[in-house]
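These notes are about the structure you will find just below.
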Amino acid sequence: MSSDMLSQFDIDRLLGGAGAALPSAGNTFGGGAQSGAVTLEQEMSVYDFRRPHRVSKERLRTLEAMYERLCKSLEAWLVSRARGHVELRLQSVEQFSFGEFALSLPTPCATYIFDVKGSGGVQGVIDVGHEFAYFLIDRLFGGGGTPSIPGRALSPVERLAVRTVGERTAQLLEEIWFDHVPLELNVTGFESSPEILQIANREDPVLVANIEVVAGQASSLLLICLPFAVLEKFFQSSGQRRVGGVAGTEREQKEARLRTERALRATPVTVAARLPQFQMSLRDLSNLAPGQVLATGIPRDAELSVMIGGRERCKGAAGRVGRRLAVRLLDQIAPPAALDEDNGG
3 MSSDMLSQFD IDRLLGGAGA ALPSAGNTFG GGAQSGAVTL EQEMSVYDFR
53 RPHRVSKERL RTLEAMYERL CKSLEAWLVS RARGHVELRL QSVEQFSFGE
103 FALSLPTPCA TYIFDVKGSG GVQGVIDVGH EFAYFLIDRL FGGGGTPSIP
153 GRALSPVERL AVRTVGERTA QLLEEIWFDH VPLELNVTGF ESSPEILQIA
203 NREDPVLVAN IEVVAGQASS LLLICLPFAV LEKFFQSSGQ RRVGGVAGTE
253 REQKEARLRT ERALRATPVT VAARLPQFQM SLRDLSNLAP GQVLATGIPR
303 DAELSVMIGG RERCKGAAGR VGRRLAVRLL DQIAPPAALD EDNGG
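Take 3 as the starting number for the sequence shown in our numbering and just add one per residue.
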């Protein structure tokens with residue numbers, strides 16, 4: 003009977019106390035036991051049960067791709083409105099509590115509040131950034147793009163002028179989330195004081211996109227805050243949707259394929275047509291001035307290199323369609339063997 007009894011070491015292991023039950027340096031295992039205990043300690047991480055982290059690496063890559071699309075579309079729209087250089091760069095997409103997000107806002111802020119229709123009163127936030135808001139106001143009212151930045155909140159007239167940015171951002175949010183969680187957003191209010199901003203409880207988790215905006219000499223942050231309450235479908239079913247695309251019914255597989263094709267077809271690709279290389283002396287290069295005509299020595303019917311995604315993929319000929327310049331494709335260049343091997347591997 004004694005052989006069937008559990009030792010104290012076995013009991014500790016069953017109760018999850020294997021780390022505490024590891025032999026000391028003086029026992030049979032020698033120094034190896036201590037190194038094992040250190041390894042267990044190094045692999046431990048604090049888990050917040052009240053606010054679990056829901057943004058896995060896979061979901062984060064999807065979110066970053068979605069918000070990169072938003073940045074490119076919003077940048078093109080802002081350039082046409084501001085009639086000047088505007089650059090948007092996605093800094094991060096992160097999970098915060100709403101209290102942490104509110105504390106990160108400057109005072110005064112330029113924050114537009116939007117309602118999520120059909121969500122039971124859930125709201126989100128788009129903060130345009132104080133400096134960028136005054137840059138837009140200056141450009142929209144005919145300024146030169148170098149405004150003074152007062153320390154006051156936007157006036158009612160200024161809020162209406164900048165509101166179009168909030169509405170356009172909300173529209174683009176609907177577009178990037180359409181395939182995951184259909185949203186219908188409506189900008190309904192404005193707030194300049196972060197302390198008064200109360201669209202959720204302070205402990206509620208929110209998804210925050212940080213977008214750097216560089217416009218003229220102004221640099222600012224555009225923040226987009228969406229409560230997790232309206233994104234549950236995305237965070238709960240993204241793994242299931244991936245498996246369903248492979249092992250689901252034929253109809254589900256076809257729908258998944260169509261969604262993927264739509265996403266690929268909507269992806270913007272940079273295309274450029276380049277002249278052949280030519281040479282010029284350093285003397286001519288140093289004497290170049292605005293307005294000069296640069297003689298290339300290239301014949302009018304010379305072939306152009308058509309670059310797609312930074313790689314030469316076609317040969318073309320320059321031409322014109324109506325009043326616009328155009329390129330007629332003449333020949334397609336096979337992709338490099340190394341590229342094929344990378345894609346195949």
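Backbone N, C-alpha and C fix where the C-beta goes; we use that ideal spot for every residue, glycine too.
In this text, all values refer to a predicted model and were calculated from it rather than measured experimentally.
Coarse secondary structure for residue i, derived from DSSP in three states
i, result
"S75", "helix"
"S106", "helix"
"Q334", "strand"
"F192", "strand"
"T166", "helix"
"T262", "helix"
"Q93", "strand"
"T171", "helix"
"L187", "strand"
"W81", "Looking at the sequence shown, residue 81 is not Trp but Val. It is helical."
"R154", "coil"
"R161", "helix"
"S221", "strand"
Beta-ladder partner(s) of residue i, from DSSP
i, result
"G318", "L306 and L331"
"P207", "S99"
"I226", "I128 and A211"
"D117", "Q125 and N188"
Cα-Cα separation between residue i and residue j, rounded to whole angstroms
i, j, result
"V95", "E60", "13 angstroms"
"G317", "R302", "This sequence places Lys at residue 317; Gly is not what is there. Looking at the two C-alpha atoms, the distance is approximately 15 angstroms."
"L296", "L260", "49 angstroms"
"G168", "T269", "24 angstroms"
"M371", "L306", "Absent from the structure is residue 371, since the part of the chain shown begins at 3 and ends at 347."
"Q334", "R91", "33 angstroms"
"E257", "I226", "30 angstroms"
"V164", "P207", "28 angstroms"
Chain B within 7 angstroms of residue i, Cβ atoms only
i, result
"Q200", "The structure shown contains no chain B; it is built from a single protein chain."
Local Cβ density within 10 Å of residue i, reported as buried at 16 or more and exposed below that
i, result
"T171", "buried"
"G293", "exposed"
"Q125", "buried"
"V271", "exposed"
"V88", "buried"
"L80", "buried"
Discussion item. Would you call the stretch 173 to 185 in contact with the stretch 95 to 106, where contact means no fewer than 3 C-beta pairs closer than 8 angstroms?
Written reply: no
Worksheet item: Would you call the stretch 130 to 142 and the stretch 215 to 231 in contact, with 3 or more CB pairs under 8 angstroms?
Response: yes
Worksheet item: Touch check for the stretch 67 to 75 and the stretch 187 to 207: three-plus C-beta pairs under 8 angstroms?
Response: no
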